[in-house]
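Read top to bottom, the protein sequences are chains A and B. Residues in the first sequence are numbered consecutively from 29, following our numbering. Residues in the second sequence are numbered consecutively from 566, following our numbering. Don't be surprised by glycine CBs; every beta carbon is placed ideally from N, CA and C. One structure is given here, and the rest of the page talks about it.
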Amino acid sequence: MRSAKASIITFITWVIAVTYFFPVLWMFINAFKTENDAASLTPKFIFTPSFEGFQRLMDRGMASYLTNSILASVTSTVLVLLLSVPAAYALSIRPIVKVQDVLFFFISTRFMPAAASILPMFMIFKTLNVLDNVFALSLVYAAMNLPIAIWMMRSFLSEVPMEIIEAARIDGANFRTEVTKVVLPIVLPGIAAVALICFIFSWNEYFFSVLLTSANAKTTPPFLASFVDGRGQFLAVLSAASTVAALPVIIAGWLAQKQLVRGLAMGAVK
Amino acid sequence: MNKRIKSLALGGAVAGLLSFGLVGCSSDGGDVTLTLATVNNGQMKDMEGLKGEFEAANPGIKVNFQVMEEGDLRAAVTSDVANAAGQYDIVTIGAYEVPQWGANGWLTDLTADLADEAYDVGDILPPVRDALSVDGKQYAVPFYGESSILMYNKEILDKAGVKMPNKPTWQQVAAAAKKVNSAETAGICLRGKPGWGDLFAPLTTVVQTFGGTWYDMNWNAKVNAPEFVQAVTFYKDLLDSAGQKDPVSYSFNECLTALKTGKVAMWYDASVAASMLEADDSPVKGKMGYAHAPVVKTKESGWLWSWNLAVPANTQNKEAAIKFIKWATSKEYHQLVGTKLGWSLVPPGARTSTYAIPEYNAAASAYAPITLEVMSAVNPKQPGVNPQPWVGIQYVAIPEFQDVGNQVAQLVADAIAGRTSVKEALDKGQAIAQAAGDAQK
């Protein structure tokens, strides 16, 4: 009886997992079809693989969009880590006064919809002559991700047992040693989780990229949307583009998998 | 002291890295590189595919296409052009924006640049040219254009013994729709999805031919005037008696599918749909008939839309940009598309001479003649019975219209769905439209 129940749960789990994963799999399969095969009314599972879609991506210059995405995502993630770790430290392990107010202030910067801030931001970028600049876009992404990163990092840092830190201090550890040799190694999985989430948010960001960039700094998401064509016949090339665009995030997630699971579990416990 | 120096050094390194990046990205080469913002449709992608021909003929000029989804294009181009940011040397904009942006001084006046004989600006369809001009100054060139026509399945109408005239009235169309209407096949498909560009594109033309208008010459709203009410009531009654089920969820794509699959017998919408109905993979290819937009009090009632190329007033590369848009909208470009990509892909509805190309007429014989007839006959300066203080047919060329049109469309969609009466919807719409009209006075 118990085994029958377990089998049913396992079966339902598989159904849910496959249902969620199937669109991704279908995108991957379509990437290797010709446009006619991809647009076929009867779904084709057996076909002659074609790299036509990938060839069209390269012809349309996808490499430069990917480069911009990597630059914007990596730069913003590094900036966020440089700022969020010390900020979170000052909000958890060595708390400043009125921690709750400060935390509320950080999260309040996310209350306003992005659309409401775009016009002043556009004017500032224009005045500073940094429209269509990938590093200026990185600053926007860093500002966008910083509040959530500080909240996450604070949560991870709060998990560090104070007894360990106090023991280190008793053993004569100065502030630098306390941070680099004791605290950071403990919260490394948390830092990996924050980095990955910030990277994913930046990688997938669409709105600011459309409006603040044009020829030189445009990132991958708006490029993907440009393949949709009212005349039809775009499914294979769009799937190929989406597959390529998804790869860096999948690779980053895979590399950080071990740290990530521990990191996310840390945050969840808190 | 040591700590402070280290902090300053770290801050300096970050600032240096960023400023290096900022400066590094603003470098420029010797040649002119034009940045063109355009919409992600087939004709524009064809232009991108053929830009090499222009670049080969004009050494030193490169064209960088930024292809966007329509909503993104509008947002990106509007913020750029309105703020004189100068990111784009050429922009793709609709007939709705051109007169407003031209009057605002945001676009380059092209009148003098288009005057040369080789370009033959007089060959551009006169209504389209009118829609792109303000006070005799032309601010954009049409890449392709469209009107609205009645499309019907000849097999279904023949079976019911209905013969559709080339220039039908709405009463004739309503009678035909009711006659062919059945449980399997609705008589007619009309847009009901709320939105100024959805429901109100065809409905505004119906209002105009019934004698109604959005505003009089003094910007007094006329949304609850008897003619407007009569037209909307007719539209709703036609949908109720012989239209597709659940009309408020239907717009262009839904009606196209319904007509292709035999679920409706007739459809009044954009002329560009004819090329899709006659495509090789269309189940109704060769079975379709096409007629002028139905009328009541006017001689013609088709709408007018074009996607156009314009040069923002503040671009640094004006000369090269004008050279490119003239090439992309020239007779030679149409020949190039025909010979390189296929004659059915020549951009329609922009130049009269396109319809004199034998190969194009052969490839688009089912719909090319009527498209030319309707597009040449419509009058964007006065599409309805009464004069109007703007140029445009299925829209009011003021910035507020998108919002006004969307709100009133929602009210009318509620009436179509039976949630309110037409009169009540239009009384509310009158107040919304009047607020925008007052801003124009």
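Item	Value
is_contact[A/K72, chain B] using C-beta, thresh 8 Å	no
According to DSSP, residues forming a beta bridge with B/G854	B/Y717
Under 8 Å between C-beta atoms of B/W666 and B/I658	yes
Residues of its chain near A/P175, where Cβ-Cβ distance is below 6 Å and the 5 sequence neighbours each way are ignored	F134, I135, T137 and R138
Under the three-state DSSP convention, the category B/S986 falls into	coil
Terminal residues of the alpha helix (DSSP H) in which A/L107 lies	M90 to S120
Backbone CA spacing between B/K810 and B/A748 [nearest angstrom]	10 Å
Alpha-carbon to alpha-carbon, B/Q1005 and B/P912	35 Å
Under 7 Å (Cβ pairs) to chain A, residues found in the stretch 608 to 637 of chain B	K610, N629, Q631, V632, M633, E634 and D637
Proximity of A/A273 and A/L240 at Cβ, strictly below 8 Å	no
Where the stretch 635 to 666 of chain B meets chain A: residues whose CB sits under 7 Å from a CB there	D637, A640, A641, S644, N648, A650, Q652 and Y653
Neighbour list for A/F150 in chain B, Cβ cutoff strictly below 8 Å	S644, N648 and A650
Classification of A/A143 by the beta-carbon crowding that lies within 10 angstroms, buried from 16 upward	exposed
Within-8 Å CB hit, A/K61 to chain C	The chain labelled as chain C is not found among the protein chains of the depicted structure, namely A and B.
Residues, ordered as in the chain, of the stretch 707 to 739 of chain B that lie near chain A by beta-carbon distance below 7 Å	none
Integer Cβ distance of A/S166 from A/L107, believed to fall under 8 Å	7 Å
Continuous beta strand (DSSP E) stretch holding B/A824: start and end	The question names Ala, yet the displayed sequence has Leu at residue 824 of chain B. Counting along the chain, B/L824 falls outside any beta strand (DSSP E), though it belongs to the alpha helix (DSSP H) covering F817 to K825.
Proximal residues of chain A, C-beta to C-beta of B/T798 below 7 Å	Result: empty, since nearest Cβ-Cβ is about 33 Å, beyond 7 Å.
Cutoff 8 Å; reference A/M90; Cβ partners in own chain excluding five residues on either side	T248, F251, A269 and V272
Residues bridged to B/T657 (per DSSP)	B/L874
Cut-off 7 Å between Cβ atoms - residues of its own chain near A/A164, not counting five sequence neighbours on either side	F153 and V158
Below-8 Å beta-carbon distance, A/K154 vs any chain B residue	yes
Cutoff 8 Å: B/C590 Cβ touching any chain A Cβ	With a pLDDT of 40 at B/C590, under the threshold of 50, the modelled position of that residue is not reliable, and no figure is offered here.
Supposed contact pair B/A740 and B/K945 - C-beta distance, whole angstroms, cut 8 Å	According to the sequence displayed, residue 945 of chain B carries Pro and not Lys. In fact, because the Cβ distance is near 30 Å, the residues do not count as touching under 8 Å.
Buried versus exposed, by CB contacts within 10 Å (16 or more), B/S814	exposed
Closest residue to B/N873 among B/L764, B/D688 and B/A602 (Cα-Cα distance)	B/A602
Of the listed residues B/S836, B/N731, B/K825 and B/L599, nearest to B/P848 (C-alpha basis)	B/K825
7 Å CB neighbourhood of B/A982 in its chain, flanking five on each side removed	V813
Contacts around B/K702, its chain only, beta-carbon distance under 6 Å, and the 5 residues preceding and following it disregarded	D674 and T676
Whether B/I721 touches B/V738 by CB criterion (8 Å)	no
Neighbouring residues, chain B, relative to A/A144 (Cβ below 7 Å)	In chain order: nothing, as chain B lies at least about 14 Å away.
Chain B within 8 Å of A/A243, Cβ atoms only	yes
Given 8 Å, three or more beta-carbon pairs between the stretch 98 to 118 of chain A and the stretch 168 to 185 of chain A	yes
Minimum Cβ-Cβ distance from A/L85 to chain B less than 8 Å	no
Chain-ordered chain A contacts of B/T600 [CB-CB under 7 Å]	S242 and A243
Whole-angstrom C-beta distance between B/K828 and B/T750, which should lie under 8 Å	6 Å
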